[in-house]
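The structure appears below as structure tokens.
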Amino acid sequence: MPSANEGVSFDNISSRQAGERSFVDFHMHVPGQWSVQRAAQLRSEIEVALLEAIPGLYARIELLPMGMNTVSEVADGELGGAAQGTAKEGFST
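Just so you know, UniProt numbering puts 45 at position 45 of the sequence shown, and the rest follows in order with no gaps.
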């Protein structure tokens, strides 16, 4: 039986610490046919799980459709894995 979150992938993961505070940033790629609501719900569930594991963590999870990168990644040539895109397609706010 396939997972309800099949097709979700993560990349561009970075973490850092400033004093007592920990930070993590990463991209969550979801299938393009997913609704914004479904993607946001999964992101919230992941944030809750991270906060339970690491109290006080600040997590920034950027949602992107599968196969798309941010403009910065495209410009810097950071097209890792199967995710491909163009600067015009990859614009993210």
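Beta carbons: idealized from backbone N, C-alpha and C, even for Gly.
Would you mind sorting residue i into buried or exposed? The rule is 16 or more other CB atoms within 10 Å of its CB.
i: residue 73; result: buried
i: residue 18; result: exposed
i: residue 16; result: exposed
i: residue 39; result: buried
i: residue 51; result: exposed
Check residue i in the structure and name its three-state DSSP category.
i: residue 62; result: strand
i: residue 44; result: helix
i: residue 30; result: strand
Where DSSP assigns a beta bridge to residue i, which residues make up the other side?
i: residue 37; result: Paired residue(s): none; residue 37 is not in a bridge.
i: residue 14; result: 25
i: residue 72; result: The partner list for residue 72 (beta bridge, DSSP) is empty, contrary to what the question assumes.
Out of the options, which one is the CA nearest neighbour of residue i?
i: residue 21; options: 69, 56, 46; result: 56
i: residue 62; options: 7, 6, 13; result: 13
i: residue 31; options: 76, 77, 68, 75; result: 68
i: residue 29; options: 9, 53, 77, 54; result: 9
i: residue 27; options: 49, 46, 65, 11; result: 11
i: residue 35; options: 23, 64, 70, 47; result: 64
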